[in-house]
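Chains R and L, in that order, give the protein sequences. Just so we're aligned, residue -17 is where the first sequence starts under the working numbering, counting upward by one. Just so we're aligned, residue -17 is where the second sequence starts under the working numbering, counting upward by one. Just so it is clear, CB atoms sit at the ideal spot from N, CA and C, and this is done for glycine as well. From a predicted model like this one, the values you see are computed outputs, not experimental measurements. Input: a single structure, listed below in structure tokens.
2 protein chains.
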Amino acid sequence: MTQELRIRELLTRLARLDAAESWSDDVNPAQRSVLDYLTQANRFSRSPSHVADYLGSTRGTVSQTLKSLSAKGYVTERRSSTDKRVVQYQIAEKGEALVAQPLRLIGGIEGLDGRQLTSLETTLRQTLRSILHQNGGKPFGLCRDCRHFQQNESKSFCQLLSEHLTPQETDLICHEQDPA
Amino acid sequence: MTQELRIRELLTRLARLDAAESWSDDVNPAQRSVLDYLTQANRFSRSPSHVADYLGSTRGTVSQTLKSLSAKGYVTERRSSTDKRVVQYQIAEKGEALVAQPLRLIGGIEGLDGRQLTSLETTLRQTLRSILHQNGGKPFGLCRDCRHFQQNESKSFCQLLSEHLTPQETDLICHEQDPA
DNA sequence: TTCAAATAATAGCGAGTCGAAACTATTGCA
DNA sequence: TGCAATAGTTTCGACTCGCTATTATTTGAA
Chain R
-17 MTQELRIREL
-7 LTRLARLDAA
3 ESWSDDVNPA
13 QRSVLDYLTQ
23 ANRFSRSPSH
33 VADYLGSTRG
43 TVSQTLKSLS
53 AKGYVTERRS
63 STDKRVVQYQ
73 IAEKGEALVA
83 QPLRLIGGIE
93 GLDGRQLTSL
103 ETTLRQTLRS
113 ILHQNGGKPF
123 GLCRDCRHFQ
133 QNESKSFCQL
143 LSEHLTPQET
153 DLICHEQDPA
Chain L
-17 MTQELRIREL
-7 LTRLARLDAA
3 ESWSDDVNPA
13 QRSVLDYLTQ
23 ANRFSRSPSH
33 VADYLGSTRG
43 TVSQTLKSLS
53 AKGYVTERRS
63 STDKRVVQYQ
73 IAEKGEALVA
83 QPLRLIGGIE
93 GLDGRQLTSL
103 ETTLRQTLRS
113 ILHQNGGKPF
123 GLCRDCRHFQ
133 QNESKSFCQL
143 LSEHLTPQET
153 DLICHEQDPA
């Protein structure tokens, strides 16, 4: 048993325990992951395709998950006016309340000291980048770390989409993000 | 967004990408997790109950998963002679071959340097221990790290189960393990 | 010794995931 | 204008998951 295999085991086991716990009354782990993503993604990145790309899933599966969440009132959906094919999802209050609930994994992570936390985040992020590179996947990084991000006198702008950005939006995930 | 939440996201996202990839022709991620566990667990720890405890799942679910794996020839099952209620599963050659296949997550982890690897393993293990403690769960540690483990002149013995152990067995997971 | 409680495994239910493939509606480009 | 690409949905079959019985078997206490 190599160290790499042991680490994979640890990683998947932690995630599994977290998933087992993240069941709530009527939201399963996959649905919760979608809610987690929606709270972090900007308004250009909340369609079924983007969620599917982010989660390594398929449009079909995510479409069903979003429909189910919508039916239960955790998200709201709206057809885009500019491109009538796309549907923009938005987390509802009920969804935000659920995401805010604490989980044991968080509790476990909180037991680590500051140096360990920073080191852990760096290492995991590096691993993720490497996997995404192998997959040819998008990085889904933050708006403000993007090549197309522009800031003038506290006003932010996306050059790619030609859109103005509110201050909060610069800290959200964008599906078009291309690290600067 | 706190650092703890970001780390949870990273962890679950890595696991999800790994799961998405770990589909093979006819084995899904949950089934693969069971196979992974069976390759690491000793002969006292391979019943549906133990697998369920380890994976944070339920006996019902695991029972079906094992039946399915058995039907496809990845594991073999045998009724215990001492306690006729228990079923002992055993990984088959076909199962071992599948588990040995490399995954992208492993590739990503391999990109880390030695210090990072060790630090990552330590930190994840510490987090896991903390979560299990909150859950009241069993640690599922290795035989040789157990309170009931005894070694005399290269002969190993489990005091709890009054069983002799082969050298290989001392490096396997035991459901009764109680850290020394 | 006997009999009830505990334990191990399994079965059935309903909602939902998952990948894959088929299908509809739009958009964009040549 | 027309046809390929794209976004989303739907359907299919196998399976997971929590839940609630149900059946063996074992254990422990009267």
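Residue pairing by DSSP places L:H115 opposite no residue, since no beta bridge is assigned to it. Beta-carbon to beta-carbon, R:L17 and R:G77 are separated by about 5 Å, close enough to satisfy the 8 Å threshold.
Cβ contact annotation for L:P30 (same chain, cutoff 7 Å, sequence separation greater than five): R41, V44, S45, L48 and V69, in chain order.
If you draw a 10 Å sphere on the C-beta of R:A1, you find 16 or more other C-beta atoms in it, and that means buried.
Following the DSSP letters along the chain, one finds R:Y56 in no beta strand (DSSP E), marked with neither H nor E.
At least 7 Å separates the CB of R:T47 from every CB of chain L.
At a beta-carbon threshold of 8 Å, the residues of chain L lying near R:E92 are E(-14), ordered along the chain. Around the beta carbon of L:Q72, fewer than 16 other beta carbons sit within 10 angstroms, so the residue counts as exposed.
Remark: C-beta atoms of L:R(-10) and R:L142 do not approach each other more closely than 7 Å. Non-local C-beta neighbours of R:E145 in its own chain, meaning closer than 8 Å and more than five positions away in sequence, comprise F26 and F139, ordered along the chain. Three or more Cβ pairs drawn from the region 79 to 98 of chain R and the region 105 to 119 of chain L lie within less than 8 Å of each other, which places the two stretches in contact. Using a Cβ-Cβ cut-off of 7 Å, L:E103 counts as an interface residue toward chain R, since at least one Cβ of chain R sits closer than that to its own.
Taking 7 Å as the CB threshold, R:Q159 stays off the interface with chain L. Distance from the CA of L:R14 to the CA of L:D95, rounded to the nearest whole angstrom, comes to 28 Å. R:R(-2) has no beta-bridge partner at all, per DSSP. Per the coordinates, the alpha-carbon of R:A74 lies some 6 Å from the alpha-carbon of R:T58.
For L:V81, the closest C-alpha among the options L:V33, L:R(-2), L:T21 and L:S50 is that of L:T21. The C-alpha of R:L37 lies about 13 Å from the C-alpha of R:I155.
Taking a 10 Å sphere around the C-beta of R:S39, we find 16 or more other C-beta atoms and assign the residue as buried.
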